[in-house]
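Worksheet: the structure to be examined is printed underneath.
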């Protein structure tokens with residue numbers, strides 16, 4: 001157990017979020033690393049530690065109007081897109 005202000009030493013960070021691109025390059029699938037691994041075991045995965053980092057990683061796909069399919073519950077991503085769409 002860590003106390004407030006304590007830093008974890010000697011541990012590696014486990015990535016939690018990921019995306020893969022379909023074979024034609026038209027669709028991007030985003031989700032938790034676990035879900036993406038299960039759905040696309042043989043695809044190259046782009047892995048991130050936070051939803052915010054994942055959002056930054058897929059921003060260009062959205063700006064270029066690629067199809068983005070969310071395969072997991074990602075509240076930060078959904079909230080960000082909802083706010084952007086209402087502007």
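Numbering (full-length UniProt numbering), first residue to last: 1 to 87. Here a beta-carbon is modelled for each residue, glycine too, at the ideal position from N, C-alpha and C.
Distance cut-off 8 Å: residue i Cβ against heavy atoms of the ligand GDP
i: residue 70; result: Absence of the ligand GDP is noted for the structure shown, with no ligands found whatsoever.
Backbone secondary structure at residue i - three-state DSSP
i: residue 30; result: strand
i: residue 67; result: strand
i: residue 38; result: helix
i: residue 25; result: coil
Sequence-distant residues of the same chain with beta carbon closer than 8 Å to residue i, five excluded per side
i: residue 57; result: 19, 46, 48
i: residue 55; result: 76, 77, 80
Per DSSP, the bridge partner or partners of residue i
i: residue 48; result: 17
Check whether residue i and residue j have beta carbons under 9 Å apart
i: residue 71; j: residue 39; result: yes
i: residue 16; j: residue 33; result: yes
i: residue 67; j: residue 27; result: yes
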